[in-house]
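**Q** The structure follows.
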Amino acid sequence: MARLTYIYCATMASQAEQLGRYSQAHTHWIDASRLARKSENRVWAELRAEFCLKAPIFIRDRHENTDSKTI
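The numbering of the sequence shown is the UniProt record's numbering, which starts it at 1 and goes up by one.
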C-alpha cells in the first residue's frame, strides 16, 4: 500500500472542494494537516478544513441573498 503524503491528501481535498463535496474535502484536509512537514502547510490545511465545515452554510446563505435581490 502506498504511503499517504501531504501533497496527495491536499490534491484530493482540492478536487473534492471543486466538486462541492465539502465533507469529503474536510476529511482530506485534516489528513493533509497531520502529514504536513512544514508549519505553513499544516496551517493552510487546517484553515481549508475549517472552511469546508462552513462552506455549505456560506454558499446557501450567498444563494439566498442573491435570490432575494432578484425582482
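Glycine included, C-beta positions come from ideal geometry on N, C-alpha and C. Predicted, not measured: the structure shown is a model, and the values here were computed from it.
1) If you check the beta carbons only, do residue 33 and residue 21 fall under 8 Å apart?
2) From residue 23 to residue 45, what does the alpha carbon distance come to, in whole angstroms?
3) Using the Cα positions of residue 17 and residue 27, report the straight-line distance between them to the nearest angstrom.
4) Beta-carbon within less than 7 Å of residue 13's beta-carbon, same chain only, minus the 5 sequence neighbours each way: which residues are those?
5) Can you tell me which of the three DSSP states residue 3 falls into?
6) Check whether the Cβ atoms of residue 37 and residue 6 lie closer than 8 Å to each other.
**A** Taking the geometry as given:
1) As a first step, residue 33 must be located in the sequence shown, where it is residue number 33. As a first step, residue 21 must be located in the sequence shown, where it is residue number 21. No. Outside cutoff.
2) For the purposes of this step, residue 23 is taken as the residue at position 23 of the sequence shown. For the purposes of this step, residue 45 is taken as the residue at position 45 of the sequence shown. Distance from the CA of residue 23 to the CA of residue 45, rounded to the nearest whole angstrom, comes to 14 Å.
3) Working through the sequence shown from its first residue, we reach residue 17 at position 17. Working through the sequence shown from its first residue, we reach residue 27 at position 27. C-alpha separation (whole angstroms): 11 Å.
4) Counted from its first residue, the sequence shown places residue 13 at position 13. Only 25, 28, 29, 32 and 48 meet the Cβ criterion.
5) Numbered from its first residue, the sequence shown carries residue 3 at position 3. Coil.
6) Residue numbering aside, residue 37 sits at position 37 when the sequence shown is read from its first letter. Residue numbering aside, residue 6 sits at position 6 when the sequence shown is read from its first letter. For residue 37 and residue 6, yes; Cβs fall inside 8 Å.
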